[in-house]
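A.B. asks:
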Amino acid sequence: MNELEKLLANENLVRRRIMKDRVWRTVFFAGAFIVVLPLIFILFYLLKYGVSSINLSFLIRIPEPVGQKGGGIANAIVGTGILIFLASLWAVPLSIFAGIFLAEFPDTEIAYLVRLSTDVLQGTPSIVIGIFAWVVCVVPMRHFSALAGSVALGIMLIPVVVKGTEETLRLIPTTIREASFALGVAYHRTIMKVIVPSGKGGIINGVLLGVTRISGETAPLLFTSFGNPFMNYNILKPISALPLIIYVYATSPYPEWHRLAWGASLILIIFVFTLNIITRTWIRQ
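Using the numbering used here, read the sequence shown as starting at 60 and increasing by one per residue.
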């Protein structure tokens, strides 16, 4: 009888554990679904209102004057590319060098200050960075420009790339560095020829994540690049961008511009989504 009671007790215990497991799996699945739900709604509305606006003319033409139908966002697409390129041109090398320094000399006072500054910069609101770039670049130059916009976006790019570079290089085994030293390779050559190439995947991942972040920023560009209804390649003049054109069109009273804003929003989300897919694929490789 005792044997039977123990068997039944164990069976009941197993059933309770299975039931708890199913309940918690359901809770976790529901939590994950609720987190993804806002993105689903965003994509649904973007596809619903934005697909009808996208065609070849929309992608290769500049905006039409107020009151006329048609037009496109070619100037905003080109402007976004120019701004991201200029921001990456100066911010990415600087951030990688800073990340290397933090990974190689983590316990120094300078490293502590750099790490603290990076954390504070990462939490600084984008509009504050835009005001700073306006004071530093726009006021002395006395006009808005793509150069000023790239300064604001580059400042926002720095903390993401610094963090990505530091964390990646700290994961590289010390045996790789020791093997290079054992062969008589100089310290700086070990860093640039052995350590950095070993962590290039994580570094590129950090760069792509940073580009994804700055590609949708609007507030800094309102104070710096300002926007331009024409096609512009001069970095010393105002330039348009996808976030700017979405803001201007969405807040306008014209239904035609609202339609273009939905189309531009869909183009921007496709760009961000593509960068995220590239980043995830790079991480897996």
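Quick reminder that beta carbons are idealized off the backbone N, C-alpha and C, glycines included.
Roughly how many angstroms lie between the CA atoms of residue 100 and residue 169, to the nearest whole one?
C.D. replies: The straight-line gap from Cα to Cα measures roughly 46 Å.
A.B. asks: Buried or exposed: where does residue 203 fall if 16 or more other Cβ atoms within 10 Å of its Cβ makes it buried?
C.D. replies: Looking at its Cβ environment, which holds 16 or more other Cβ atoms inside 10 Å, residue 203 is buried.
A.B. asks: Which residues bound the alpha helix (DSSP H) around residue 222?
C.D. replies: Per DSSP, residue 222 belongs to the alpha helix (DSSP H) from 205 to 229.
A.B. asks: Answer yes or no: do residue 131 and residue 116 have a C-beta to C-beta separation smaller than 7 Å?
C.D. replies: Cβ atoms of residue 131 and residue 116: closer than 7 Å.
A.B. asks: Can you look up residue 121 in the DSSP assignment and give me helix, strand or coil?
C.D. replies: Three-state DSSP puts residue 121 in coil, outside helix and strand.
A.B. asks: Look at residue 280 and residue 258 and say whether their C-beta atoms are less than 7 Å apart.
C.D. replies: For residue 280 and residue 258, no; Cβs fall outside 7 Å.
A.B. asks: With a CB to CB cut of under 7 Å and the five nearest residues on each side skipped, what residues in its chain are close to residue 300?
C.D. replies: Hits under 7 Å: 135, 138, 139, 142, 280, 284.
A.B. asks: Within the same chain, show all residues whose beta-carbon is closer than 6 Å to that of residue 239, passing over the 5 residues directly before and after it, in chain order.
C.D. replies: 249, 253, listed in sequence order.
A.B. asks: Under the assumption that residue 282 contacts residue 149 (Cβ atoms under 8 Å), give the Cβ distance between them as a whole number of angstroms.
C.D. replies: So it is not a contact: roughly 19 Å between Cβ atoms.
A.B. asks: Mind checking whether residue 324 and residue 109 have CB atoms under 7 Å apart?
C.D. replies: In contact: residue 324 and residue 109 (Cβ atoms closer than 7 Å).
A.B. asks: Give me the DSSP bridge partner(s) of residue 285.
C.D. replies: Partner(s): 298.
A.B. asks: Given a cut-off of 7 Å, decide if residue 266 and residue 151 are closer than it, judged by their beta-carbon atoms.
C.D. replies: For residue 151 and residue 266, yes; Cβs fall inside 7 Å.
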